[in-house]
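See structure below.
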Amino acid sequence: MPKLTRFSYIVLLFLTSSVLAKTPYEVQPLSKELAEEYKLDTSFYKKATYVQDILIATSDKVSDYAHLEAAYLYDQIMSSIDKEVAQRIRDRRVLCILVGHDELTSQIPQFKSDKTGKELDFYNWRSRGFLTKVGDRSVVLFAEEDVMEYEGGMRLESILIHEFGHVVQFAGMSEAQVQKLTDAHARAKAVGIWNDGRAAQRYRRVKSVTPVSLLEALVKSFPDQSPELIKKCLNGGDILVNGKPTDSKAQVTVEDKVLIVFGGPKICYAQRNKAEYWAEVLQCWYNTNRTMDHDHNHIHTREQLRVYDPAAAALCEEVLGNGKWRFVSPRDRAGKKHLKGYDPSAAPKVSLLPHIETAAYDYYDNYWKDFWQRLADKHLGK
């Protein structure tokens, strides 16, 4: 492999502005050698950035800034974690694929699908951040809009850091560290932590710019629930509009935020399984996790994690170190270092295609279906 693909250099970067920026990472045309080594389709993949023996590859639709930001985040983590863990990850020659903000996962050569209709819509919605194996190689995929936090992308946590947490576990941990993870997860389950997320569904099916009846919209959207129950929920304060209780006479538009509050306990994403437990606590270690929604409680910083889940914090310190670096949104770092010349206000605005958005809503309606029983017990009796 040419020496250029193995090391980072100080380069001059031109992107969407004429400003010259010094950066230790370089976005290059995908070389023939890298394409062959990583088995990349050169009719699709055009750009490559190499950092810490991780290859970032994309089509030419993906912003150079997304390459540089991903490289920066990898470099920050890999430079501070346990040296043996980092070297095991380097030895795996991980491939990172960034999906363009206007690309679908099913358009990525390695992840084309024979699914059709609603199944394909769900696949393209759900599969914009994951770690998998393609042959013997670990491949991690992220979406450009999440890495750069475009409007419409994920702005409340770093999906990249979450998914790289999976890389750290599956490509970097020793057997002894994996056992410590198993033990920490078992302890968390035994003491009942990570079980206090918010049992509440965001309702976003109203698309009208003029006011419509919320009761009628909910009755139409949830045919398995009786109109009587939905009306009682509206009048009983279980359904909020813009954070406030309402009643069955409420009218809403596409601009209003509707939340159905089921109440009671809700397991956090960290208790889904051992792998997600690790990825979630790793996010907290770097101060980048969502809070108080259906998948999360209030824990989102290193300091909080040490108190709340000391076993997880101890493993994080062993594997990740206790450096000063914490994640900061690229929107707050715009104009500096590798993001010099980047203007978030000029970045693309992203929205789901209508049929893919419908697939997302269908998923969450099914996800929350059993929780309606809590409201039925409350208002109609057990």
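Residue numbers for the sequence shown follow this note's numbering, beginning at 668 and rising by one. Built from N, CA and C at the ideal position, the CB exists for glycine as well.
- Between the stretch 756-774 and the stretch 725-739, the count of C-beta pairs closer than 8 Å reaches three or more; the two stretches touch.
- S1012 carries a helical assignment under DSSP once its states are collapsed to helix, strand and coil.
- In terms of CA proximity to A884, R872 leads the group E895, R872, A981 and Q892.
- Per DSSP, T725 is one residue of the beta strand (DSSP E) stretching across I721 to T725.
- Counting along the chain, no beta strand (DSSP E) covers C900; the unbroken alpha helix (DSSP H) around it starts and ends at P894 to N902.
- Listed as beta-bridge partners of C763 by DSSP are I723 and V807.
- The three-state reading of DSSP puts T968 in coil, since its state is none of H, G, I, E or B.
- Going by DSSP, F831 is part of the alpha helix (DSSP H) stretching over I826 to V834.
- In the assembly as shown, S1012 is an exposed residue. Its beta-carbon has fewer than 16 other beta-carbons within 10 Å.
- Along the stretch 972-998, the alpha helix (DSSP H) occurs as fully enclosed runs of 4 or more residues at 977-987, listed in sequence order.
- Of the residues assessed, V919 falls on the buried side of the cut-off, its CB having 16 or more other CB atoms within 10 angstroms.
- Going by DSSP, A884 is part of the alpha helix (DSSP H) stretching over L881 to S888.
- For K699, the secondary structure class from DSSP, reduced to helix, strand or coil, is helix.
- Contact check for Q836 against I927 fails: the beta carbons are separated by 8 Å or more.
- According to the DSSP assignment, T799 belongs to the beta strand (DSSP E) that extends over F797 to V801.
- Contact between E830 and L798 holds, with the beta-carbon distance rounding to 6 Å and staying under 8 Å.
- Less than 8 Å divides the Cβ of Q719 from the Cβ of R757.
- Rounded to the nearest angstrom, the Cβ distance from K750 to V729 is 31 Å, too far for a contact under 8 Å.
- Here the C-alpha atom of Y1031 lies approximately 12 Å from the C-alpha atom of F889.
- Within the same chain, A851 and R854 come within 6 Å of A978 by CB-CB distance, once the 5 residues on both sides are set aside.
- Within the same chain, Cβ atoms closer than 8 Å to the Cβ of I828 are found at L740, I744, L949, Q950, Y953, T955 and F994, the five residues on either side in sequence being excluded.
- For L907, the uninterrupted beta strand (DSSP E) run begins and ends at I906 to V908, by DSSP.
- For the pair A946 and W792, the CB atoms are not nearer than the 8 Å cut-off.
- Under the DSSP assignment, A838 falls outside any beta strand (DSSP E); it carries neither an H nor an E label.
- For L1020, the closest alpha carbon among the candidates D727, I723 and D788 is that of D788.
- Residue pairing of A867 in beta bridges, as defined by DSSP: V928.
- Annotated as distal: H961 and A838, with beta-carbon spacing of 8 Å or more.
- By the beta-carbon neighbour count (other beta carbons within 10 angstroms, threshold 16), T716 is buried.
- Looking at the DSSP output, E818 shares a beta bridge with K1016.
- Under DSSP, A715 shares a beta bridge with Q695 and A724.
- For P1021, the three-state secondary structure derived from DSSP is helix.
- Secondary structure at H852: helix, using DSSP grouped into helix, strand and coil.
- D1037 and I721 have their C-alpha atoms some 42 Å from each other.
- Going by beta carbons, H965 and R957 fall outside the 8 Å limit.
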